[in-house]
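With positions in the sequence shown counted from 1, the corresponding number in the numbering used here is that position plus 1.
C-beta: ideal position from N, C-alpha, C; glycine also.
So the structure is just underneath, and the comments pick up after that.
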Amino acid sequence: MAVDPVWSEYYRDEMDAAWLYRVLASYERDPARRAIFERLVTVEDAHVERWRGLFQAQGGDLPSHAPSLQTRALAGAARVLGSSAVLPIIVRQETREVGSYLRLARRSRQKSTQDAAMAIATESAEHAQNLSESMGREGEPWHATAGAGYLRSVVYGFNDGLTANFGLVAGVIGANVAPQLLIVTGVAGALADALSMGASGYLAAKSEAEVAARQIAIEKEEMRLMPDLEEKELTIILEAKGLTPDRARETAHAMMADPQQALDTKVQEELGIQQPLVTPLADGLVTGAATAVGALIPLVPFFTMEAGLAIWVSLTVAMLAHFAIGAARSIFTGRSLWASGRDMFLVGFGVAAAGYLIGGLLMAP
C-alpha cells in the first residue's frame, strides 16, 4: 500500500520539534523549564518512532530531514532573547498541531494512522498546556490572545522601517537629487519612522493595558456587589469546561471563598484577558529601535560607496532583507517561509517602484 504523501510532512514536523526542544533544553537556565523541555524531547522522540513504525508497516522509505529554517530561526531567537521570547510561538504551533492531527485521524481510513494521530494530538495538547503554564498562564492555551512579545515587536518594527524608508529612498533616487540630499532625507525619514512606530507601539500597548485594567476593575466591583450572580456565572463557565453541574456548583462556591482566585478565573475565561508579555514602555522602545535598524538598511551603501554603485547595492540588500523579514513573519502566521518571503519581496519591490515613479514625476519639467 502506498504511503500517504502528507506523512512526510508530519514526520519532518516531529523531527523538527524534537530538535528544537533539545536545543531549548541546552540553552535553558531555569531548571524547572529545562526539565519540561527534556520531557518534551522524550515525547517528541516517541512521536518520531510512531511515524517510523507507520512508514515501515506500509513499506515506505523514511524521508530525509534537516531542521527547517523556521525551526532554526526559533532556536536562534531563543539563544539570543531567551526561551520566553519564543514560547508563545511554540505554544501556538503545538495547538495548531492538535487540530492538524485530529483532522488526520478523521480523514484516515487506516486504524493504525487514526490511533497514532489521536495519541499525538492528545500529547500535543498536553505540551501546549505545560508550556503555557511554564510562562505563568492558567487555563487552556488555545484561549490565549497575547502576541509573541519582544520578538513580534522586533519583526514588525523592522518590517515597517525597511519598507517605508526603502520607498522613500527610491522616491528620492527617482527625483535624481544629489547623494547628500538623499542621505539627509533617508536619515530624517528613518528617525521620524522610528519615533512614530515607537510611540504608536507604546500607546497601543498602554491603551490595551488600560482597557484590560478597567474591565478587571468592573468585574471586581460586580463580584463585590452581586456575589450570587457572579457565582452562577462561574458555575456556567466551569460546566462549559466539562464539569458536571453539581461539581461545577461546588467548585464555584469554593472559588468564591477566595475572591482573587474567582476574579482570576472570570478575567481569563469570561473576559479573555491574558497577562501581557511586555510592558508598554518596553514595547515602544523595542519597536522603535527595530524600526530604526530596518530603515537604515537601504541607506548604509550610500555612506560607503559611490552613488551609482550604492543604488544597486541598496536595491539588492533591501530586497534580500524584505524576503528575510517576510520569511521571519511566517513564524507568526504559520505560512511557509517561501510564500511569506516572496509576498514581502513583492510588496517591497512594489513600494520601491511606486516611490521611484512618483519621485520622477514630481521632478519632471
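Element boundaries [alpha helix (DSSP H), containing residue i]
i	result
residue 285	281-297
residue 347	338-363
residue 30	That residue, residue 30, is in no alpha helix (DSSP H); it is neither H nor E in DSSP.
residue 247	246-257
residue 302	301-305
Close-in-space but distant-in-sequence residues of the same chain around residue i (CB under 6 Å, 5 per side omitted)
i	result
residue 184	303
residue 285	199, 202, 203
residue 141	Residue placement at residue 141 is poorly supported in this model, since its pLDDT is 46, which falls under 50; the coordinates are not used for a value here.
residue 154	284, 287, 288
residue 30	none
Cα-Cα separation, residue i to residue j
i	j	result
residue 117	residue 209	42 Å
residue 265	residue 122	28 Å
residue 346	residue 354	12 Å
residue 344	residue 164	13 Å
residue 203	residue 251	43 Å
residue 197	residue 161	11 Å
residue 218	residue 228	15 Å
residue 173	residue 180	9 Å
residue 363	residue 176	7 Å
residue 50	residue 33	26 Å
residue 216	residue 92	26 Å
residue 281	residue 26	30 Å
residue 54	residue 44	15 Å
residue 109	residue 342	33 Å
residue 214	residue 259	20 Å
residue 21	residue 325	21 Å
residue 312	residue 301	10 Å
residue 28	residue 84	8 Å
residue 340	residue 111	32 Å
residue 224	residue 56	56 Å
Own chain residues within Cβ distance below 8 Å of residue i, not counting five before or after
i	result
residue 58	113
residue 119	102, 103, 106
residue 52	8, 11, 12, 15, 117
residue 42	19, 22, 23, 26
residue 361	175, 176, 177
Local Cβ density within 10 Å of residue i, reported as buried at 16 or more and exposed below that
i	result
residue 317	exposed
residue 377	Missing from the structure shown is residue 377; the chain here goes from 2 to 366 and no further.
residue 330	buried
residue 254	exposed
residue 148	Annotation note: pLDDT 43 at residue 148 (below 50); position unreliable, no value reported.
residue 19	buried
residue 78	buried
residue 65	exposed
residue 36	exposed
residue 235	buried
residue 261	exposed
residue 309	exposed
Residues near residue i by beta carbon distance below 7 Å, same chain, minus five either side
i	result
residue 306	314
Start-end ranges of the alpha helix (DSSP H) lying completely within the stretch 34-96, minimum 4 residues: 70-82
Within the stretch 147-213, ranges of the alpha helix (DSSP H) (whole runs, at least 4 residues): 150-175
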